[in-house]
Structure formats: structure tokens, C-alpha cells
Amino acid sequence: MLSQISPIEEKVEQKVEQKTQVPTELPQAPHVTKPASALYPLPVRSAAARILDRAANPELIQIRHVQAGDIDKLHSLLTSPDVVYWTSKMPCVVAEEMREQLNNPPAGHYTLVATYNQSVAGSLGFSTCLQSRMRHMGHISTVAVHPNFRGYGVGTALVKAAIDLADQWFNLHRLDLMVYTDNDAAIALYQKFGFVTEGVLKDYAFRAGAYTDVQVMARFAKRGI
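Here you go:
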């Protein structure tokens, strides 16, 4: 599954970082032990969020596992045109079908949800490989950010949470994803977290009337001896 980060979100964050010299490293957050109930508070909101939302009461972005009450909002998010464009999903997924998928996910699959002020701001799919010789591998699927929360660092927080699951809880060696070759914002974000391009799959997806290439990116955990 292809991952999605809006080019608008990345451009806003880059512009803000140039003006405010925001540190590139996010502070460490406390964690709980069960991935299915993981809560990853972002202790300090990004400078982009503070500038774009000065009039609002500052709230923490939180990353947690999907809940039953999120499903209708997730359906709206994942079927919106600007999200569908950057993923391999179809825009006509029936809400009940998505509800069934989220309520009964395949073994090893997790859906993380980003909330801002109790509103669903984004989501990320995360899965581990169950085959014996590939249990060291994990995969990030669709990364989606609601248009109202672009530039808030939601995509960054979601990817950071997925990496934390891979490194701190599942002890994964390899974490990979696929992204459209023209999604420069997403590629830049993944590179910031240490993902490298392994190759390009030509004509991988049919999008907006044309075949489109995707690139495979992977990140390898650095373990001490």
C-alpha cells in the first residue's frame, strides 16, 4: 500500500523551519507496553502548528490505536480525493466494509490514528510479517493527513510512532514502504527518518488515467553489539 503525505504539509513545515530554526529532533515520549493500545504524545507541538493555529487553545497531537468511534471519520479521510490521489486506495470503499476491516484486522496489522483536540487528524497503517524467516520485517502502508491539519507535523508524528513500534516493541530489523515517485514531500519526510530508496517499480499503479511509478524505501535498525 502506498503512503501519502501532502506536498502542502511539507512545504509549510519547511518554510516555518527556515524562519524559526526549529530543532530537527523531536523529544522522546513515554510509551506503554501494548502496541494495540499505544499512546504516543508529542510533548512539544511543532512551530508550524503554533504559527498556523495561534488563535486556538494549544493541544497535544496524540497517536493511538484506532477505536470504534474513529471509523466514520477515518472513512471520510481515506476516501477524500486528495488522499486517494496519493495512495492506491479506491475512492468508493463502503463504510461498512472499512468498519469490518478495522474491527477485524489481519494478524500483525495495526492502524494508528493521530488526534488533535479530539479530532481525527490522520492515520497510518503498520504491519509485521508473520512468516518465520521474515519476522524481522515490518511495513508502513497508507499515511494520510486531514487537509485541516496539514502543516501541523501530524505526518511526522505518525511516522515517528511507527518507527518506535518497530524499534522498541517488535524488534524489527527492516521497515519498508512504497511511495509515488512524484510525491516529493513524502519522500523527503521518509529520508529524514533514515529511509533509503531501494528501487523503482515502473508503471506500478494506474492513477488519474495514467500508469505511475513507485519507489521502494526501507530503513534498517541500528543495533548495538
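In terms of UniProt numbering, the sequence shown has 138 at position 138, counting the first letter as 1, and numbering is strictly consecutive. Every residue, glycine too, gets a C-beta built ideally from N, C-alpha and C.
For residue j and residue i, believed in contact at Cβ under 8 Å, the rounded distance
i: L158; j: L102; result: The Cβ separation is near 16 Å, so there is no contact.
i: Y204; j: V196; result: The pair is not a contact, with the Cβ atoms about 19 Å apart (cut-off 8 Å).
i: L77; j: H146; result: 6 Å
i: A166; j: L175; result: 5 Å
i: V154; j: A121; result: 5 Å
i: residue 277; j: R150; result: Residue 277 cannot be examined here, being either before or after the span of the chain that is shown, 1 to 225.
Nearest to residue i (by Cα), restricted to the options the options
i: K73; options: I63, M217, A95 and F170; result: A95
i: L189; options: M134, R219 and H173; result: R219
i: Y180; options: I63, K202 and Q67; result: K202
i: residue 270; options: P105, Q62, V143 and V216; result: The shown model of the chain, from 1 to 225, leaves out residue 270, and the question about it has no answer.
i: Y116; options: H139, Q62 and L177; result: Q62
i: V66; options: N171, D82, P91 and N104; result: N104
Start and end residues, alpha helix (DSSP H) containing residue i
i: D72; result: I71 to L78
i: M98; result: A95 to N103
Residues near residue i by beta carbon distance below 8 Å, same chain, minus five either side
i: V93; result: H75, L78 and T79
i: I163; result: L175, F193 and R219
i: G140; result: According to the sequence provided, residue 140 is Ile. The question's Gly does not apply to it. The residues are S3, L124, G125, F126, V159, A162, L175, D176 and L177.
Contacting residues, own chain, Cβ-Cβ under 7 Å from residue i (five flanking each side not counted)
i: S132; result: none
i: R99; result: I71
Close beta carbons around residue i, own chain, < 6 Å, minus the five adjacent residues each side
i: R54; result: Low confidence applies here, because R54 scores a pLDDT of 38, under 50, leaving its location unreliable; read the following figure in that light. Hits under 6 Å: none found.
i: A221; result: D167 and H173
i: V216; result: M178, E198 and G199
i: T156; result: none
Limits of the unbroken beta strand (DSSP E) element including residue i
i: V213; result: Residue 213 is actually Asp in this sequence, not Val. It spans A210 to F220 - the beta strand (DSSP E) in which D213 sits, taken as one unbroken run.
i: Y116; result: H109 to Y116
i: Y204; result: V196 to R207
Inset, instruction - Check whether the segment 126 to 136 touches the segment 104 to 117, taking contact to mean three or more Cβ pairs, one atom from each stretch, closer than 8 Å. - result: yes
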